[in-house]
Amino acid sequence: MNKTVLQIIRFVVLVLLQVLVINHIRLGGYVHPYIYLIFIMLLPFSTPKWQFLVLGFALGLSVDLFTGTPGLHAGATTLMAFSRPSIIKLISGNQKFENITEPNISQLGGLWFFRYALFLVLIHHFALFFLESFSFRLIGQVLLRILLSVPVSIFLIMMIMYIFKSEKKRE
Amino acid sequence: MQNLRRFILKYHFIILFILLEVISILLLANSQRFHRNRMVNTTNDVVGKVYEWSSEVGNYFRLNSANKQLAEENAMLRQQLSVVYDTTTCTYDIIKGDTLYKYIPAQVVNNSTNQVNNYIIINKGAKDGIERDMSVISTDGIVGVVTDVSRHYASIMSLLHSKSVVGVRFKNNQEIAGLKWQTNNYRYGMVEDIPTHIVLQKGDTIVTSSHSNIFPEDLMVGTVEEFYPTAVDALNKAKIRYATDFSTLRHVYVIKDLHKPELDSLKARLQ
Chain A
35 MNKTVLQIIR
45 FVVLVLLQVL
55 VINHIRLGGY
65 VHPYIYLIFI
75 MLLPFSTPKW
85 QFLVLGFALG
95 LSVDLFTGTP
105 GLHAGATTLM
115 AFSRPSIIKL
125 ISGNQKFENI
135 TEPNISQLGG
145 LWFFRYALFL
155 VLIHHFALFF
165 LESFSFRLIG
175 QVLLRILLSV
185 PVSIFLIMMI
195 MYIFKSEKKR
205 E
Chain B
638 MQNLRRFILK
648 YHFIILFILL
658 EVISILLLAN
668 SQRFHRNRMV
678 NTTNDVVGKV
688 YEWSSEVGNY
698 FRLNSANKQL
708 AEENAMLRQQ
718 LSVVYDTTTC
728 TYDIIKGDTL
738 YKYIPAQVVN
748 NSTNQVNNYI
758 IINKGAKDGI
768 ERDMSVISTD
778 GIVGVVTDVS
788 RHYASIMSLL
798 HSKSVVGVRF
808 KNNQEIAGLK
818 WQTNNYRYGM
828 VEDIPTHIVL
838 QKGDTIVTSS
848 HSNIFPEDLM
858 VGTVEEFYPT
868 AVDALNKAKI
878 RYATDFSTLR
888 HVYVIKDLHK
898 PELDSLKARL
908 Q
């Protein structure tokens, strides 16, 4: 399948999955998992750096349109997209990605992807929940939200990655 | 000029990042300042449509309970009517010239309860006469305020919003207070400005006060769940259980205040 078409489908499916399904999961008042970040995580290594930012912004803004919070997810996702190259450098050191087009579990391993996802989700959730409260007044509540939401997000993201892992090999 | 170009090319990643972040924060600050989600109306229509498709699927599974709830409400209204006149024989003109409020029924197509600022989207919009700042109620109690209207849809700032403040009155002692949301539990709100001489019991009813510019008077808001008397502070607090169950909200009514233009023009003349 054409790579661009695949990316567009991924974008739309993840946004709809987030706003129509995941956003309606209620696990107490503090757990708000976000899985649409997978889109940024899976962008090919060869993507020009500026495209990360534009795509991150567009992705966040699409989610914002549905949740009625203009700028909230856009800001958090742009920050996450900005830090993606540094995070990859941080967790893989000088490792070269020959023959690997995009971050995935089958070629880089579950542990690598887990660490990768953990850093990015932490950055995104910190930015998101602080922007959401728009102040440091409710800092205890915000930290509790981050502490409880990050594991659930990671769990869902890893689950989705493992579900689609086998299909990757067949391609 | 050459230097500037080289500078931009070298640091384009950082520059673009800062630019996008500034745009995000401006958008966010703007929406927070106005306490409402101002969105381009066309997008709102597209978003509303997607939510409507998705809620249509869910609606089939809830038909039974929705029917039951509407039937109960019908029975209650019928009973109230029978106090005024005999429903079986009388052909009384209900909408009289001095009717204050018009009720527009609507269905919830999207709703959240777990954000800090929750919004509800309904399937009625400007086409059906819905305007900004109209109040919204459910069968059980008040729901929120219309903040934005597109042609076919409207978004409502739910009571479950960090900026939501409703003027309320305790039914048994007429005392007025302000109800806020604590941003963590969709069942409870908090009243923090109760004068010390007022003592409340669990189960006391609170209704909207006439001081609220948005809601008509005497609408059900909720009941006192817990009362916290404070020795040092000048004001007591009380935890309020909302009468409306926001997690299962399906049918709502938007209230059009027919006297509002008149009242507003009078207020404008006072200033």
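Protein sequence lines, in the order shown, are assigned to chains A and B.
According to this note's numbering, the first sequence is numbered sequentially starting from 35.
According to this note's numbering, the second sequence is numbered sequentially starting from 638.
Ideal Cβ placement from N, Cα and C applies to all residues, glycine included.
Keep in mind the model is a prediction, meaning the values are calculated, not measured.
Give the C-beta separation of Ala161/A and Ala115/A to the nearest angstrom, bearing in mind that I take them to be a contact with Cβ-Cβ under 8 Å. Not confirmed; about 11 Å, so no contact.
So, are the CB atoms of Val773/B and Ile758/B less than 7 Å apart? Judged by their CB atoms, Val773/B and Ile758/B are not nearer to each other than the 7 Å cut-off.
Cβ of Asn711/B within 7 Å of any chain A Cβ: For Asn711/B, the closest Cβ of chain A is not nearer than 7 Å.
Output yes or no for whether 7 Å exceeds the beta carbon distance between Ala743/B and Lys764/B. Taking C-beta atoms as the reference points, Ala743/B and Lys764/B fail to come closer than 7 Å.
Cutoff 7 Å: Val684/B Cβ touching any chain A Cβ: True, the Cβ-Cβ gap to chain A drops below 7 Å.
Terminal residues of the beta strand (DSSP E) in which Leu797/B lies: Taken as a continuous stretch (DSSP letters only), the beta strand (DSSP E) holding Leu797/B covers Ala791 to His798.
Taking 7 Å as the threshold (beta carbon to beta carbon), is Val858/B in contact with chain A? With 7 Å as the cut-off, Val858/B does not count as an interface residue toward chain A.
If we ignore side chains and look at the alpha-carbon of each, how far apart do Ala151/A and Thr842/B end up? For Ala151/A and Thr842/B, the distance between alpha carbons rounds to 49 Å.
Is the shortest distance between the beta-carbon of Val753/B and the beta-carbons of chain A less than 7 Å? Yes - at least one Cβ of chain A is within 7 Å of the one on Val753/B.
Please classify Leu89/A: is it buried, with 16 or more other beta-carbons within 10 angstroms of its beta-carbon, or exposed? The residue in question, Leu89/A, is buried, as its Cβ has 16 or more Cβ neighbours within 10 Å.
Given 8 Å, three or more beta-carbon pairs between the stretch 181–188 of chain A and the stretch 123–143 of chain A: Result no; under three Cβ-Cβ pairs closer than 8 Å.
Write down the C-beta distance between Gly804/B and Thr845/B rounded to the nearest angstrom, noting that I regard them as a contact closer than 8 Å. That belief holds up - the Cβ atoms of Gly804/B and Thr845/B are roughly 7 Å apart, short of 8 Å.
Output needed for Asp777/B: all residues of its chain with C-beta closer than 8 Å, excluding positions within five of it in sequence on either side, in chain order. So the list reads Met857, Ala880, Thr881 and Asp882, once near-sequence residues are dropped.
Please state whether the Cβ-Cβ distance between Ala24/A and Phe91/A is less than 7 Å. Limits of chain A in this structure are 35 at one end and 205 at the other, which puts residue 24/A out of reach.
So which residues on chain A does Leu886/B lean against when the C-beta distance must stay under 7 Å? Simply none; closest approach about 13 Å.
Quick one: residues in its chain with C-beta nearer than 7 Å to the C-beta of Asp830/B, no 5 flanking neighbours on either side, listed in chain order? Once the five neighbours on either side are set aside, the close Cβ partners of Asp830/B are Ala814, Gly815 and Leu872.
Is the separation between the beta-carbon of Trp84/A and that of His649/B shorter than 7 Å? Result yes, Cβ atoms of Trp84/A and His649/B sit closer than 7 Å.
For Lys223/A, return the contacting residues in chain B, with the cut-off set at a CB-CB distance below 7 Å. Limits of chain A in this structure are 35 at one end and 205 at the other, which puts residue 223/A out of reach.
Going by DSSP in three states, Phe852/B sits in which element: helix, strand or coil? Phe852/B: coil per DSSP, three-state reduction.
At a cut-off of 6 Å, is Thr842/B close to the ligand ATP when judged by its beta-carbon and the heavy atoms of the ligand? Among the components of this structure there are no ligands whatsoever, and the ligand ATP is therefore not found.
Closest to Glu166/A by C-alpha separation, out of Ser795/B, Tyr790/B, Ser749/B and Ser799/B, would be which residue? Checking every option, the nearest Cα to that of Glu166/A belongs to Ser799/B.
Using a C-beta cutoff of 7 Å, does Leu657/B count as contacting chain C? No chain C appears in this structure, whose protein chains are A and B.
Continuous alpha helix (DSSP H) stretch holding Val184/A: start and end: Residues Ile173 to Ile197.
Determine the contact status of Thr740/B and Tyr890/B, defining contact as a CB-CB distance below 7 Å. Here the sequence assigns Tyr to residue 740/B, which means Thr is not the residue at that position. Cβ distance < 7 Å, so Tyr740/B and Tyr890/B count as in contact.
How long is the line joining the alpha carbons of Arg806/B and Ile125/A, rounded to whole angstroms? Arg806/B and Ile125/A have their C-alpha atoms some 58 Å from each other.
Coarse secondary structure for Thr885/B, derived from DSSP in three states: Correct three-state label for Thr885/B: helix.
List, in order along the chain, the chain A residues whose C-beta lies closer than 8 Å to that of Tyr756/B? Contact of Tyr756/B with chain A by beta-carbon distance below 8 Å involves Thr101 and Gly102.
Which residues in chain B have a C-beta closer than 7 Å to the C-beta of Ser167/A? List them in chain order. Going along chain B in sequence order, the residues near Ser167/A (Cβ under 7 Å) are Val753.
Using only CA atoms, which one of Phe698/B, Trp690/B and Pro853/B lies nearest to Leu737/B? Of Phe698/B, Trp690/B and Pro853/B, the residue nearest in Cα terms is Pro853/B.
Which residue from Asn667/B, Ser749/B and Ile851/B puts its Cα closest to that of Tyr823/B? Measuring from the Cα of Tyr823/B, the nearest candidate turns out to be Ser749/B.
Hey, does Gly174/A have any beta-carbon neighbour from chain B nearer than 7 Å? At a cut-off of 7 Å between beta-carbon atoms, Gly174/A makes no contact with chain B.
With DSSP collapsed to three states, give me the class of Ser117/A. Correct three-state label for Ser117/A: helix.
Exposed or buried, Gly685/B, counting other C-beta atoms within 10 Å across all chains shown (16 or more means buried)? Gly685/B should be labelled buried.
If Met827/B and Lys817/B are in contact, beta carbons under 8 Å, what's the gap, nearest whole angstrom? Between Met827/B and Lys817/B a beta carbon distance of about 6 Å is seen, short of the 8 Å cut, so the two are scored as contacting.
7 Å is my cut-off, CB to CB: does Ser668/B come that close to chain A? Closer than 7 Å: yes.
List the whole-angstrom C-beta distance separating Asn747/B from Ser795/B, where the pair is believed to meet the contact cut-off of C-beta under 8 Å. Not confirmed; about 11 Å, so no contact.
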